[in-house]
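Chemist: Sharing a structure, written as structure tokens. Questions coming.
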Ligand SMILES: Nc1ncnc2c1ncn2[C@@H]1O[C@H](COP(=O)(O)OP(=O)(O)OP(=O)(O)O)[C@@H](O)[C@H]1O
Ligand code: SF4
Ligand SMILES: [Mg+2]
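Protein chains in written order, with UniProt numbering: chain A, 1 to 298; chain B, 1 to 329; chain C, 1 to 305.
Laid out in structure tokens, this is it:
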């Protein structure tokens with residue numbers, strides 16, 4: 001009858017390429033996310049060097065100076081100045097420090113709590129697991145913002161209090177993810193082998209479980225970092241986050257609120273910074289998940 | 001001819017490159033005829049079956065020089081037209097009964113949905129047809145069963161329901177893709193007997209995909225043997241069992257104790273491994289496992305006529321090969 | 001099913017009790033309630049007096065049990081600011097919050113579910129990327145800033161919508177938009193992934209092999225299966241949304257429970273704060289309980305147990 005079709009029609013190549021595109025897209029998100037985050041990190045680190053003004057220096061003559069692209073704007077205050085005449089660009093640069101400290105600090109605190117609970121639940125299973133799940137559900141039931149507001153109000157507002165409070169409140173995802181992975185790891189050969197060789201539980205967790213959780217932990221950490229950054233901004237916006245002269249972006253938006261009618265850029269500028277940082281962190285987390293799980297996003 | 005397929009090719013893009021699951025496959029089925037497709041796991045049987053109904057994964061590419069159902073061209077058919085055929089004139093039964101039914105709908109709902117999709121009739125008529133068919137496939141208290149959900153039924157019963165579903169609109173052709181492999185041996189025999197009986201009494205055309213040579217010898221009118229994506233032999237059943245030409249077919253039949261009366265059992269195993277379908281192989285696909293392989297087998301081998309309505313894809317079919325039984329090392 | 005329901009209800013009660021204890025302990029350990037009640041202009045003696053009257057010297061657990069006993073009788077204490085029972089104040093406030101929340105949830109579902117279905121049906125298509133974009137942006141936009149942006153655009157630049165209070169339907173537009181956008185990404189993503197995995201199942205292949213129409217396959221067979229986990233997610237999202245109403249209500253000056261909570265925290269009105277935290281938590285527990293029940297009722301496999 002007929003011979004085998006020898007050449008591959010071009011349509012097949014195209015279809016084959018389409019298969020790989022989602023992964024590439026994941027990488028694009030990852031790269032954008034990483035770029036944004038690095039920019040913020042540099043802003044925070046080098047704020048003292050690059051900031052044109054002291055972020056706390058008030059200058060009554062410059063009050064409500066518009067940004068340079070507005071009518072009447074000048075290069076002296078590139079992003080304008082706020083109601084006290086403080087240079088907005090300088091405040092924005094220093095504000096990155098606050099967001100990043102809160103984000104990273106909260107991720108570390110909540111990561112330690114959540115990972116401990118998650119590993120314990122996944123490794124021991126049974127009653128321990130039930131109790132851990134109970135704690136996780138209870139945690140989910142608590143209204144985060146409200147409790148954070150109340151705690152900050154009661155303990156006084158400071159960077160440390162906000163960070164610790166958020167850390168104590170945002171460990172649930174860490175716990176759920178580590179629990180699920182630990183359950184999978186627990187029955188793997190190398191864990192069984194270590195058990196047979198008489199390794200202690202702590203050793204197994206240290207040497208067999210934790211290293212295998214690192215990928216997932218990193219992903220959750222970025223996502224929690226993003227959430228913590230938003231929450232800090234929200235708390236500061238509501239007046240119960242970090243205290244007043246600090247250039248927290250949430251606080252800047254809150255202070256700009258009074259000028260919403262005539263100087264809306266006082267709100268939009270720190271908002272865009274906040275949005276970009278959170279977007280970048282989320283993109284990084286999603287991207288990491290895409291490239292570490294075989295089936296990609298979904 | 002009810003179904004006529006010529007030079008069917010299916011390519012599925014994968015991470016490792018394009019996978020040529022089906023290569024140049026041709027066969028046909030007439031009204032009331034049973035065609036059996038046999039071959040080792042992964043040789044492309046299911047993909048062939050799915051491509052007949054247009055159910056391939058979205059990324060897969062299908063091409064054929066000819067594909068007709070009752071004279072209608074299936075290659076140029078619109079989605080709508082092919083949908084009107086599916087479940088109506090051309091039905092399919094799948095391998096895995098445990099997951100083949102929607103867990104959230106009652107059996108009655110799923111059965112009548114098929115009827116309503118193709119007939120203008122009302123639900124009551126559909127219900128009556130469903131009850132009739134459930135009884136016909138040997139399910140007791142059929143009317144009560146209509147209100148049940150799939151998880152309330154055993155695998156064997158679920159497969160009977162799927163068979164009834166496939167028969168809802170009195171199809172002319174049924175494609176059964178290893179309909180019993182997932183079930184207990186005793187239930188397998190019962191279900192196969194049922195299918196064969198239904199096929200006869202309803203005058204259905206049937207494509208039965210199976211590993212079971214015993215079943216093939218009993219029900220097949222015609223047999224297609226596939227190997228690594230290709231048809232390597234196609235003959236009337238009697239002819240194939242009495243006079244297998246391709247070394248692969250002979251090896252298969254040779255490892256069965258009595259080729260004319262093989263027992264029910266899975267496909268015998270032959271030493272060696274199947275070549276990957278990702279890299280298209282130039283010469284004979286069976287070369288690495290063939291006792292007669294030689295340099296001439298490195299060029300593309302066409303299917304050649306070796307008897308009345310009997311073709312095989314081997315260049316040494318004319319030469320007198322050693323006795324079939326001794327080919328299996 | 002009955003067994004499952006009873007077990008689930010028992011768990012919910014246990015959870016409610018635990019959460020209420022946390023709430024109580026939090027406020028208890030956090031500050032000196034007596035000083036707060038006495039006010040800033042009071043002396044140490046005043047505070048000591050109040051401590052005696054309220055029984056603040058008793059051990060935590062005794063006070064907690066007394067509080068629970070009162071709560072069970074519908075007594076949530078007296079507001080230090082309004083000088084009247086908290087239960088009388090918060091009911092109407094909660095009604096407002098829940099109302100806005102329900103509209104927002106409906107809005108979110110109306111957008112997210114069709115988008116998720118389309119994205120799951122045509123993964124990697126233009127519509128999928130569009131939906132993904134909306135979700136990614138939605139997850140990154142801080143709701144208070146989004147609210148202010150909307151005010152700038154729709155109340156100031158183009159004054160077509162009011163920016164504060166709740167009077168006409170126009171007042172609802174912006175808050176509902178903000179709250180709804182907040183829970184849209186999660187619902188969209190779950191719908192999408194649910195549709196993708198449902199469309200890969202054998203029963204969908206069967207339905208297609210039987211020639212069912214694409215509409216029936218998508219919306220009746222696939223979406224129904226994809227929707228089951230959506231119930232739990234939406235109820236959880238609803239809970240989070242209510243808890244997050246603090247922010248939106250304060251921006252739009254909506255007289256709801258969230259705004260009350262914020263104000264009460266500012267006024268150190270501890271009984272009110274305590275009651276609100278408790279109510280938000282209990283509401284979440286109740287919501288997830290209802291969602292689980294609904295799930296069990298809709299899934300025939302669960303119904304049997
Ligand atoms: N959706 C898919 N994506 C990628 N490859 C596939 C897909 N479906 C099938 N294949 C590949 O196509 C080839 C043929 O598969 P097919 O399912 O047709 O085999 P089969 O003959 O039915 O085997 P079995 O007897 O095990 O059912 C195999 O190599 C398989 O890995
Ligand atoms: S063509 Fe050659 S290798 Fe292939 S089956 Fe025939 S003899 Fe064997
Ligand atoms: Mg198969």
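A virtual CB, placed ideally from N, CA and C, is assigned to each residue, including glycine.
(1) At a CB distance below 8 Å, what residues from the stretch 53-69 of chain A approach chain C? Give them in sequence order.
(2) Helix, strand or coil: how does DSSP classify residue 85/C here?
(3) Using the beta-carbon of each residue, which ones in chain B are nearer than 7 Å to residue 269/C?
(4) Please classify residue 314/B as buried or exposed, where buried requires at least 16 other C-beta atoms within 10 Å of its C-beta.
(5) Where does residue 269/A land, buried or exposed, given buried means 16+ other C-beta within 10 angstroms?
(6) Looking only at its own chain, which residues have a Cβ that is under 6 Å from the Cβ of residue 267/C, when we skip the five neighbours before and after it?
(7) Rounded C-beta distance between residue 83/B and residue 180/C? I'm assuming under 8 Å.
(8) Compare the C-beta of residue 209/C against all C-beta atoms of chain B and say whether one is closer than 9 Å.
(9) With distances taken Cα to Cα, identify the nearest neighbour of residue 130/A among 104/A, 152/A and 175/A.
(10) Under 8 Å, CB to CB, which of the residues in the stretch 142-163 of chain A have a partner in chain C?
(11) Using a Cβ-based criterion (distance less than 8 Å to any ligand heavy atom), does residue 209/B qualify as near ligand 3?
(12) Check whether the Cβ of residue 315/B sits closer than 8 Å to any heavy atom of ligand 2, and report yes or no.
(13) Let me make sure I understand the geometry here. Which of 60/C, 91/C, 47/C and 209/C has the alpha-carbon closest to that of residue 75/C?
(14) Any chance the CB of residue 95/B is under 8 Å from a heavy atom of ligand 3?
(15) Kindly list, in the order they appear in chain B, the residues whose Cβ is closer than 7 Å to that of residue 4/C.
(16) Could you tell me which of 77/A, 137/A and 112/A sits nearest to residue 285/C, measuring between CA atoms?
(17) Whole angstroms are fine: how far does the CA of residue 135/A sit from the CA of residue 141/B?
(18) 9 Å is my cut-off, CB to CB: does residue 206/C come that close to chain B?
(19) Run the proximity test for residue 170/B: is its beta-carbon closer than 8 Å to any non-hydrogen atom belonging to ligand 1?
(20) Closer than 9 Å, CB to CB, is residue 295/C near chain B or not?
(21) Less than 6 Å between C-beta atoms, sequence neighbours within five positions excluded: which residues of the same chain meet that for residue 19/C?
(22) Out of curiosity, what's the CA-to-CA distance linking residue 118/C and residue 219/C?
(23) When the cut-off is 9 Å and only beta carbons count, does residue 144/C lie next to chain A?
(24) Which residues, in chain order, does the stretch 179-198 of chain C contribute to contact with chain B at a C-beta distance below 9 Å?
(25) What span of residues does the alpha helix (DSSP H) with residue 238/B cover, start to end?
(26) Give the residues of chain B in contact with residue 215/C, contact being defined as C-beta atoms less than 9 Å apart.
(27) What are the residues of the stretch 138-157 of chain B that lie near chain C, defined by any Cβ-Cβ distance shorter than 7 Å?
(28) Using 10 angstroms around the beta-carbon of residue 365/C, count the other beta-carbons present and answer buried if the total reaches 16, otherwise exposed.
(29) Give me the chain A residues within the contact set of residue 262/C, using Cβ-Cβ distance strictly less than 7 Å, ordered along the chain.
(30) For residue 29/A, is the beta carbon positioned less than 8 Å from some heavy atom of ligand 1?
(31) Put residue 227/B into one of helix, strand or coil per three-state DSSP.
(32) Residue 207/A by DSSP, collapsed to three states: which one?
(33) Give the secondary structure of residue 14/A by DSSP, where H, G and I count as helix, E and B as strand, and everything else as coil.
(34) Mind checking the stretch 214-238 of chain A against chain C and listing, in chain order, the residues whose C-beta falls within less than 8 Å of any C-beta there?
(35) Quick one: what's got a C-beta closer than 8 Å to residue 147/C's C-beta in the same chain, skipping five residues either side?
(36) Hey, does residue 233/C have any beta-carbon neighbour from chain A nearer than 9 Å?
Modeler: Taking the coordinates as given:
(1) none
(2) Numbered from its first residue, the third chain carries residue 85/C at position 85. Three-state DSSP puts residue 85/C in a strand.
(3) Here residue 269/C corresponds to residue number 269 of the third chain, with the count starting at 1. Result: empty, since nearest Cβ-Cβ is about 49 Å, beyond 7 Å.
(4) For the purposes of this step, residue 314/B is taken as residue 314 along the second chain, with counting starting at 1. Buried is the call here.
(5) Translated into positions along the first chain, residue 269/A becomes position 269. By the 10 Å Cβ count, residue 269/A comes out buried.
(6) Taking the third chain and counting its residues from 1, the one referred to as residue 267/C is at position 267. Taken in chain order, the residues that qualify are 81.
(7) Locating residue 83/B in the second chain gives position 83, counting from the first residue. Locating residue 180/C in the third chain gives position 180, counting from the first residue. With a Cβ gap of about 37 Å, residue 83/B and residue 180/C do not count as contacting.
(8) Residue 209/C sits at position 209 when you count from the first residue of the third chain. Yes - at least one Cβ of chain B is within 9 Å of the one on residue 209/C.
(9) Locating residue 130/A in the first chain gives position 130, where the first residue counts as 1. Measuring from the Cα of residue 130/A, the nearest candidate turns out to be 175/A.
(10) Result list: 142, 143, 144, 145, 146, 147, 149, 150, 151, 153, 154 and 155.
(11) In the second chain, the residue the question calls residue 209/B occupies position 209. Result yes, Cβ under 8 Å from ligand 3.
(12) Here residue 315/B is taken as the residue at index 315 of the second chain, counted from 1. Yes - ligand 2 has a heavy atom lying nearer than 8 Å to the Cβ of residue 315/B.
(13) Residue mapping note: residue 75/C aligns to position 75 of the third chain, counting from 1. The shortest C-alpha separation from residue 75/C is found at 91/C.
(14) Counting from one through the second chain, the residue named residue 95/B turns up at place 95. Under cutoff, so the answer is yes.
(15) Counting from one through the third chain, the residue named residue 4/C turns up at place 4. By Cβ distance, chain B contributes nothing, its closest Cβ being about 15 Å from residue 4/C, past 7 Å.
(16) Locating residue 285/C in the third chain gives position 285, where the first residue counts as 1. The option with the nearest alpha carbon to residue 285/C is 137/A.
(17) Within the second chain, numbered from 1, the residue matching residue 141/B stands at position 141. Within the first chain, numbered from 1, the residue matching residue 135/A stands at position 135. Cα to Cα, the separation comes out at about 49 Å.
(18) The count along the third chain starts at 1 and reaches residue 206/C at position 206. Yes, its Cβ sits closer than 9 Å to a Cβ of chain B.
(19) Start at 1 with the first residue of the second chain, and residue 170/B comes out as number 170. Residue 170/B: no, Cβ never under 8 Å from ligand 1.
(20) In the third chain, residue 295/C corresponds to position 295, counting from 1. Judged by the 9 Å Cβ criterion, residue 295/C is not in contact with chain B.
(21) Position 19 of the third chain holds residue 19/C. Here the set comprises 281.
(22) Reading the third chain from its first residue, position 118 is the one you call residue 118/C. Reading the third chain from its first residue, position 219 is the one you call residue 219/C. Each residue's Cα considered, the two are about 11 Å apart.
(23) Locating residue 144/C in the third chain gives position 144, where the first residue counts as 1. For residue 144/C, the answer is yes, since a Cβ of chain A falls inside 9 Å of its Cβ.
(24) none
(25) Stepping through the second chain from its first residue, residue 238/B is reached at position 238. Start and end: 237-242.
(26) Here residue 215/C is taken as the residue at index 215 of the third chain, counted from 1. Residues of chain B passing the Cβ test: none, with the nearest at roughly 11 Å.
(27) 149 and 151
(28) Residue coverage of chain C in this structure runs from 1 to 305, which leaves residue 365/C outside it and unanswerable.
(29) As a working note, residue 262/C is residue 262 in the third chain. Those within 7 Å of residue 262/C in chain A are 149 and 238.
(30) Working through the first chain from its first residue, we reach residue 29/A at position 29. Incorrect: residue 29/A has no Cβ contact closer than 8 Å to ligand 1.
(31) For the purposes of this step, residue 227/B is taken as the residue at position 227 of the second chain. The answer is strand: DSSP assigns residue 227/B an E or B state.
(32) Against the first chain, residue 207/A aligns to sequence position 207. In the structure shown, residue 207/A sits in a helix (DSSP, three-state: H, G or I).
(33) The count along the first chain starts at 1 and reaches residue 14/A at position 14. Unreliable positioning characterises residue 14/A in this predicted model, as indicated by a pLDDT of 46, which lies under 50. A coordinate reading is not provided.
(34) Shown in chain order are the members of the stretch 214-238 of chain A whose Cβ falls below 8 Å from a Cβ of chain C: 226, 230, 233, 234, 237 and 238.
(35) The count along the third chain starts at 1 and reaches residue 147/C at position 147. Excluding residues within five positions, the ones whose Cβ falls inside 8 Å are 174, 175, 178, 247, 248, 251 and 252.
(36) Taking the first residue of the third chain as 1, we reach residue 233/C at position 233. It does not: the Cβ of residue 233/C has no partner Cβ on chain A nearer than 9 Å.
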